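Notes to accompany the following structure.
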Amino acid sequence: MNQNQAKRLLDRVLVLAKSGKSEAIASLRNTRGGNSRFAVNEITSSSEVETLSLSVTVKIGKRAATATTNQLDDRSIDDVVSRAQRMAKLSPENPESMPPLGKQKYIAVPRASDPATVNATPELRAKAAGAAIAAAKGAKVTIAGFYEHGTHVSALASTGGLHAFHAWTSVDLSCSARTPDGTGSGWAGATSNRVGDLDAAALAKTAVDKATQSAKPRRLEPGKYTVVLEPNAVAGLLDSFTGNLGARRADEGRSFFTKAGGGTKIGQKLFPDIITLRSDPADAGLASAPFDGEGFPRAPTKWLDKGTLTGLTYSRYWAQKQGKQPTGNPDGWILEGGTATREQLIKDVKRGVLITRFWYIRQLDPQTILLTGLTRDGTFLIENGAIAGPVNNFRFNESPVQMLARCDALTATVLTEGARVPALRTHEFNLASVSEAV
4 MNQNQAKRLL DRVLVLAKSG KSEAIASLRN TRGGNSRFAV NEITSSSEVE
54 TLSLSVTVKI GKRAATATTN QLDDRSIDDV VSRAQRMAKL SPENPESMPP
104 LGKQKYIAVP RASDPATVNA TPELRAKAAG AAIAAAKGAK VTIAGFYEHG
154 THVSALASTG GLHAFHAWTS VDLSCSARTP DGTGSGWAGA TSNRVGDLDA
204 AALAKTAVDK ATQSAKPRRL EPGKYTVVLE PNAVAGLLDS FTGNLGARRA
254 DEGRSFFTKA GGGTKIGQKL FPDIITLRSD PADAGLASAP FDGEGFPRAP
304 TKWLDKGTLT GLTYSRYWAQ KQGKQPTGNP DGWILEGGTA TREQLIKDVK
354 RGVLITRFWY IRQLDPQTIL LTGLTRDGTF LIENGAIAGP VNNFRFNESP
404 VQMLARCDAL TATVLTEGAR VPALRTHEFN LASVSEAV
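The sequence shown begins at 4 in our numbering and counts up one residue at a time.
Okay, structure coming up:
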């Protein structure tokens, strides 16, 4: 669906939805793409998928309701508007309700949509899966993986005059490998907005090498260690950090970013100079959008600048209440990297642990952003600046706040899990207990 088609559809919905003093917002989401799975060194499925969602929000004063459909015929459109109108009349008042946005200006996102990804075929996915399987068979290990690509459209319109449209592409490939004895496991993955950026054979080789190198691990006791976190592990923890940047929770005393005595920590030096965190919706590789779910414009923003907290996120309601400028809901996160190589991170560690990635991450304490989770797919002992061999997995209890505060070295960034992050070295990382899982 192109921009003109989306505008005509949403304008029609708004004409139906607006009645008397009511206001309305209509949003359209459309994804078309394909995916292929492989497991036990064979392709197991291949699918072409299209999803569509049309949502209508009707606001009557402080009352509002939303109805959604995945059909665009006349009857379905009439029905979804009618449902939203009926429910809005019955909804309780929301004292924090804000009026729909009017006309906005958005930054450009060059090359957000990649023609080769738009035209990706099952044959392309099969070739990638075949390359991964060949790498596994050559090393006599078993591999599984998932390759997915999509062409996406997001469009919004409101009775206040808002019209927003963004089209982009995305691609994701992940591989997990296991040794025949079941004791070794490896993983590798990559995301982008261009199929040409993904090298299935190289990713599979990384997963296979991790699996063979992690077989027959020795036991290492839990404790606090210097750790080298590879990019995917960093991204997993950073996601919880960015999700806690809300100004409201800080203002209300419910956040790590609450200042002692009241207010927020904006302006305080919290981390070393090497830590800079920003968001950039114009970075096409991050598959973000120039506006958030309300249609509020996103802009390139620094949230941490050389260790100093420079901003928190403000919703429209909270910004109005606090006399601040709203930020909208940011996306497209980048933790700026450094000049070290992975080998240099390891070389300066007398005794520590290299961690490939985490999984099953859960928050324990929002006040400190304390998280728990498990290491997996390649956990290795570092001794005297070199990898000394595989060790058991661990459950960690640690905060990304402390990960950043104790960080002393960063590599260049790579794109993983929809963010640009480096590998990093940090200290006193709490590997709280042994996990028997592979």
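Glycine included, each C-beta is placed from N, C-alpha and C at the ideal position.
All of these numbers come straight from a predicted model, not from anything done at the bench.
If you count every other CB in all the chains shown that lies within 10 Å of the CB of residue i, and 16 or more means buried, which is it?
{"i": "residue 56", "result": "exposed"}
{"i": "residue 367", "result": "exposed"}
{"i": "residue 425", "result": "buried"}
{"i": "residue 346", "result": "exposed"}
{"i": "residue 235", "result": "buried"}
{"i": "residue 344", "result": "exposed"}
{"i": "residue 247", "result": "buried"}
{"i": "residue 370", "result": "exposed"}
{"i": "residue 209", "result": "buried"}
{"i": "residue 65", "result": "exposed"}
{"i": "residue 93", "result": "exposed"}
{"i": "residue 393", "result": "buried"}
{"i": "residue 317", "result": "buried"}
{"i": "residue 213", "result": "buried"}
{"i": "residue 419", "result": "buried"}
{"i": "residue 271", "result": "exposed"}
{"i": "residue 26", "result": "buried"}
{"i": "residue 103", "result": "buried"}
In the DSSP assignment, the alpha helix (DSSP H) including residue i goes from what residue to what residue?
{"i": "residue 251", "result": "250-254"}
{"i": "residue 396", "result": "Looking at the DSSP string, residue 396 is not in any alpha helix (DSSP H); the run it does join, the beta strand (DSSP E), is 396-401."}
{"i": "residue 7", "result": "6-20"}
When DSSP builds the beta bridges, which residues end up paired with residue i?
{"i": "residue 425", "result": "416"}
{"i": "residue 229", "result": "355"}
{"i": "residue 29", "result": "59, 160"}
{"i": "residue 366", "result": "374"}
{"i": "residue 257", "result": "DSSP, once it has assigned bridges, lists no residue as partnering residue 257."}
{"i": "residue 221", "result": "394"}
{"i": "residue 1", "result": "It is not possible to answer for residue 1, since the shown part of the chain is limited to 4 through 441."}
{"i": "residue 437", "result": "397"}
{"i": "residue 114", "result": "Looking at the DSSP assignment, residue 114 forms no beta bridge with any residue, so it has no partner."}
{"i": "residue 34", "result": "54, 155"}
Between the Cα of residue i and the Cα atoms of the options, which residue gives the shortest distance?
{"i": "residue 329", "options": "251, 404, 351", "result": "251"}
{"i": "residue 278", "options": "409, 440, 142", "result": "409"}
{"i": "residue 221", "options": "384, 352, 154, 420", "result": "384"}
{"i": "residue 249", "options": "415, 320, 293, 396", "result": "320"}
{"i": "residue 145", "options": "111, 381, 344, 207", "result": "207"}
{"i": "residue 254", "options": "292, 283, 322", "result": "322"}
{"i": "residue 273", "options": "233, 242, 284, 314", "result": "314"}
{"i": "residue 437", "options": "405, 378, 423", "result": "378"}
{"i": "residue 98", "options": "63, 127, 112", "result": "63"}
{"i": "residue 331", "options": "58, 107, 88", "result": "107"}
{"i": "residue 178", "options": "191, 171, 184, 170", "result": "191"}
{"i": "residue 298", "options": "164, 76, 44", "result": "164"}
{"i": "residue 407", "options": "373, 398, 395, 440", "result": "373"}
{"i": "residue 283", "options": "312, 337, 231, 245", "result": "337"}
{"i": "residue 227", "options": "401, 134, 47, 311", "result": "401"}
{"i": "residue 242", "options": "18, 365, 35", "result": "365"}
Between which two residues does the beta strand (DSSP E) containing residue i stretch?
{"i": "residue 239", "result": "From DSSP, residue 239 is part of no beta strand (DSSP E) but of the alpha helix (DSSP H) over 234-245."}
{"i": "residue 389", "result": "389-393"}
{"i": "residue 377", "result": "373-386"}
Would you check whether the ligand GTP has a heavy atom nearer than 8 Å to the C-beta of residue i?
{"i": "residue 347", "result": "This structure lacks the ligand GTP, and indeed carries no ligand of any kind."}
Threshold first: 4 residues or longer. Then list the alpha helix (DSSP H) segments lying entirely within the region 37-104, N to C.
Fully enclosed alpha helix (DSSP H) runs of 4 or longer: 77-93.
Please list the segments of the alpha helix (DSSP H) lying wholly inside the region 272-358, counting only runs of 4 or more residues, in order along the chain.
Complete alpha helix (DSSP H) runs here, min 4: 319-325, 345-350.
Mind listing, in chain order, the continuous alpha helix (DSSP H) runs of no fewer than 4 residues lying wholly within the region 119-204?
As far as the region 119-204 is concerned, its whole alpha helix (DSSP H) runs of at least 4 residues are 125-141.
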